[in-house]
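Q:
Residue numbers (the working numbering): 3 to 324.
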């Protein structure tokens, strides 16, 4: 019974890649090597092409882009209009830095979706040169979005922890490493001369990509936990304001953990590829997981601002009623 999950994973990997997975020796031990060799245990099926994988990833990204647009509109509402009603804020009261980042992420998300769709069409038409250029644009857009999202999260962590540089040092170090990895990865994508995309980058480039994702995940997880660590003790000591502080915890934990889960799955898939050197798994899983992780970065960023605006509006109502 303990080997049943391994068999299930083996079957799924075999159906997707039409090739033995790293845990295939388990099949030989249980059912015999000849059974697995003759493919009598698993029915043979055609391998899923990279073009089909890109199409699925583009479809998933388009669905999540619809959710992102909804969150973007609500986020603009809380930034431009007053908390109560639809009166436009004065120019002095509009948070221009935050609004600029929100619009910048919107541009990146829109360009990335258009680039992904163009890549699928160009792949069907065999336009390798255009695919390579679009691949570099897509890589830059996604890396920039992750860097902006992490930077804002680190800033909030720094402010909530009374601007303690001791708390912010580690996420800032990870954020700097993320920027460095993104720049090096962009150079690899720009100089790689393969005629296919997604192409099989050199092992060093794949390692750099994995390092970027690990730093992104660690930054997100550390910043979220640091905010919760700061807020929860105050909630325990302040009974009167515990309700509001727990609502803040719900805002931060809900959005941060959602983003952390998606980035964690992508990190796991990359490390599986590095550990077992299985390019089929990498090419078929990572495009979809990258689309989900990139979309979640913008969605969670908008949700954080939306719920913060709702919390601010609730505080104003309580003050007016009191």
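In this text, a Cβ means the ideal position worked out from N, Cα and C, and glycines have one as well. As the structure is a computational prediction, the values presented were derived from the model and not from experiment.
1. Comparing C-alpha positions only, which one of 165, 146, 166 sits nearest to residue 183?
2. Specify the secondary structure class of residue 290 as computed by DSSP and reduced to three states.
3. Whole-angstrom Cβ separation of residue 221 and residue 156, contact assumed at under 8 Å?
4. Which of helix, strand or coil does DSSP assign to residue 62?
5. Mind the definition here: the stretch 128-141 touches the stretch 152-166 only if three or more C-beta pairs lie below 8 Å; say whether that holds.
6. Using DSSP bridges, identify the partner residues of residue 90.
7. Only counting the same chain, and skipping five residues up and downstream in sequence, which positions put a Cβ closer than 7 Å to that of residue 273?
8. DSSP three-state call for residue 129: helix, strand or coil?
9. Out of curiosity, what's the CA-to-CA distance linking residue 149 and residue 89?
10. Taking Cβ positions only, does residue 301 come closer than 7 Å to chain E?
11. One question on the structure: do residue 187 and residue 210 come within less than 7 Å of each other, judged by their Cβ atoms?
12. Taking the Cβ atom as the reference point for each residue, do residue 228 and residue 159 lie within a distance shorter than 7 Å?
13. So, with DSSP's three-state summary, where would you put residue 145?
14. Would you mind sorting residue 98 into buried or exposed? The rule is 16 or more other CB atoms within 10 Å of its CB.
A: Reading from the atomic positions:
1. Of 165, 146, 166, the residue nearest in Cα terms is 146.
2. Reduced to three states, the DSSP call for residue 290 is helix.
3. Indeed they touch by this definition, with Cβ atoms about 7 Å apart.
4. The answer is helix: DSSP assigns residue 62 an H, G or I state.
5. Contact between the stretch 128-141 and the stretch 152-166 is not established, with fewer than three Cβ pairs separated by less than 8 Å.
6. Beta-bridge pairing links residue 90 to 83.
7. So the qualifying residues of the chain are 212.
8. In the three-state scheme derived from DSSP, where H, G and I count as helix and E and B as strand, residue 129 is classed as coil.
9. Residue 149 and residue 89: Cα-Cα distance of roughly 33 Å.
10. Protein chain content of the structure displayed is limited to a single chain, and chain E is not contained in it.
11. Pairing residue 187 with residue 210 gives a Cβ-Cβ distance under 7 Å.
12. Yes, the Cβ-Cβ distance between residue 228 and residue 159 is below 7 Å.
13. Correct three-state label for residue 145: helix.
14. Residue 98 sits exposed, since fewer than 16 C-beta atoms from the chains shown fall within 10 Å of its C-beta.
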